[in-house]
Amino acid sequence: MEAPLTKRETRADRGLFGNKIYMRVYAAYAAAEFGDWFDMLAIQVLVGYRWQAGPLMLALIPVSLALPGIVLGSAAGVAADRLNKLKLMRLCNLLTAVLTAAVLLAPGMLWLLPLLALRSAVSALNVPAQQSLTRSIVREDQLLQAASLNGFVTQGSKIAGPLLGGLALAALSPAWCIALNACMRLLSYVLLLSIKNADTSGSTGADSDVRKKAGDQAADGDSLSARTMWKEGWSFIFRSRLLRNTMLFGLMGALSIQMVDFQFASLFRTLAPDREYLLGWLVSAAGAGAVLTIAAMNKVGRGAGYGLRLGGGYALIGAAIGGLGLLPPGVSLLPVLLLGLLMGAGNGMFMITFNYCLQKETPPHMTGRVFGIQSMVLNAAMIAAPLLGGTMVDLAGPRRIFASFGLVIAMIGAAGILLRRLLWPEGKEGREGGHKFQ
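Right under this line is the structure:
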């Protein structure tokens, strides 16, 4: 059961920045995200440049990251809806810090992959808990702002993490970047530990009524079993045409993106074998593009529908990936930066809209399960796709594969835009509860 309220932080007359609990959760999330990107760049440089791993070995990294999410995704969502979200997030951050420290001792891929898988298993529990907690402590009219702020952290860390990571890698070793991630996770744990009481019982109005009924049911000893909650989550998604189409559309694009997502080291070894810092610049430019796009979306608000933003996001990502595949060996920095900005703009547009859609169209008591299922579905794309992509890169070369799948992703985005009224209907028939984005 969640801790009882002693002081309500989400009063109707208080803005999001006045919500002290949310701001502490936000700061903890920021620390964790920054550390993750610092860490991920170090691992890619370590494996791709220092260990000289081939495309197939690089493809095993996303597989090791995805397997725990597939196995634990739905269960993690149920746990987020049933357990104390703050305690769950604290435990996840502490365990992540320990496992990250263990990565420092990995002598090669055979040790690195299991450690990454264990760390990913912990993250599978953390993500739905964080999303569910955000849904509970933030008013519904502030959800888009909260999703945008979370996106700022995710994408902003792509700027600061790779830039500072690149500087650290130039002077030190990847181990220092990995150690920093462990420290940032400990900081995140301490920040969450400072939160004594959180309102995770939901908002006002209809949402509160739903949670009150759930609480009454639990008090009578008739609380739903984990298996029943898991089945209810899937049933809710299948009944909601809008959520179902959003997840299927996201999965189609993710399958294509994952074909090349962990092959950037292979591509840049071909384009610039003596300039490993270019990969960091690409990720930083992508982060900058995403931050600028998120800022624009937050300012404009909800003027465009789901289809334009989701489809447009994939179209931009596809154009950028295809453009990277067309770059010649010995390319200068400027084209890499421009394509990185374009890719980040598409990523920011898609991810903010995708997460907002799931939060907006899902009642608070179902949020953890829906995000857990979403995590499981998208992680499923990271099993066969990276292995197939690695095999294709090994046979045909990274430039040709990037150009081809960039075209595929752009076509998926264009189809989303053209079919937006069919996939994301504006009436009640497409959603549960009659929520509307337009």
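Take the sequence shown: its letters are residues 7 to 444, numbered as in the numbering used here. No residue lacks a Cβ here, since even glycine has one placed at the ideal position from N, Cα and C. All values derive from a computational prediction rather than experimental measurement.
Same chain only: Cβ atoms within 7 Å of residue i, ignoring 5 sequence neighbours per side
i      : result
Leu424 : none
Ala185 : Leu110
Ala91  : Here residue 91 is Lys; the residue named in the question, Ala, does not match the sequence. Answer for Lys91: Ala135, Ser138, Leu139, Thr206, listed in chain order.
Gln148 : Leu22
Thr373 : Gln137, Ser138, Arg141, Gln365
Arg30  : Leu197, Ser200, Ile201
Phe244 : Arg250
Tyr362 : Leu149, Leu150, Ala153
Ala59  : Val53, Met115
Near the ligand NAD: residue i beta-carbon under 8 Å from a heavy atom
i      : result
Gly293 : With respect to the ligand NAD, the structure offers nothing, as it holds no ligand at all.
Spatially closest choice to residue i from the options, by CA coordinates
i      : options                        : result
Tyr320 : Leu340, Ala294, Phe360, Gly331 : Phe360
Ala181 : Asp45, Ala271, Phe274          : Asp45
Val414 : Gly259, Ala127, Pro431, Leu288 : Gly259
Val84  : Ile379, Gln58, Arg96           : Ile379
Ser200 : Ala409, Pro370, Trp430, Tyr32  : Tyr32
Leu429 : Ala127, Tyr283, Gly311, Leu101 : Gly311
Val289 : Lys305, Ile327, Leu118, Ser262 : Ile327
Distance between beta carbons of residue j and residue i, contact taken as under 8 Å
i      : j      : result
Leu78  : Leu131 : 7 Å
Leu314 : Arg426 : 6 Å
Gly422 : Gly350 : No, Gly422 and Gly350 are not in contact; Cβ-Cβ is about 19 Å, not under 8 Å.
Val383 : Leu257 : 6 Å
Leu348 : Ala325 : 6 Å
Ser381 : Gly114 : No, Ser381 and Gly114 are not in contact; Cβ-Cβ is about 29 Å, not under 8 Å.
Ala188 : Ala107 : 5 Å
Cys183 : Leu47  : 7 Å
Phe255 : Leu316 : 6 Å
Val337 : Ala409 : About 14 Å separates the two Cβ atoms, so there is no contact after all.
Val144 : Tyr28  : 6 Å
Reduced DSSP secondary structure (H/G/I, E/B, other) of residue i
i      : result
Asp280 : coil
Asn25  : coil
Gln58  : coil
Ser338 : coil
Gly114 : coil
Met253 : helix
Pro431 : coil
Gln151 : helix
Val266 : coil
Met71  : Here the sequence assigns Leu to residue 71, which means Met is not the residue at that position. Three-state DSSP puts Leu71 in a helix.
Ser229 : With a pLDDT of 49 at Ser229, under the threshold of 50, the predicted position of this residue should be treated as unreliable, though the coordinate-derived value follows. Correct three-state label for Ser229: coil.
Thr102 : helix
Ile201 : coil
Gly311 : coil
Asn90  : coil
Thr234 : helix
Gly403 : coil
Arg426 : helix
Thr359 : helix
Ser246 : coil
Leu393 : helix
Beta-carbon proximity list for residue i, same chain, < 8 Å, skipping 5 on both sides
i      : result
Ile407 : Met265, Val266, Gln269, Gly331, Gly395, Met398, Val399
Thr276 : Pro335, Gly403, Pro404, Arg405
Leu52  : Pro180
Phe242 : Leu249, Thr368, Met372, Arg375, Val376, Glu438
Leu105 : Leu121, Leu124, Arg125, Val128
Cut-off 6 Å between Cβ atoms - residues of its own chain near residue i, not counting five sequence neighbours on either side
i      : result
Ala36  : Val159
Gly54  : Ala271
Leu129 : Residue identity check: residue 129 is Ser in the sequence provided, not Leu. There are no such residues.
Cys98  : Val128, Leu131, Asn132
Ser194 : Ala34, Ala37, Ala38, Asn99
Ala416 : Ala321, Gly324, Ala325
Ala103 : Ala188, Arg191, Leu192
Cutoff 9 Å: residue i Cβ touching any chain C Cβ
i      : result
Arg141 : No chain C is present in this structure, which holds just one protein chain.
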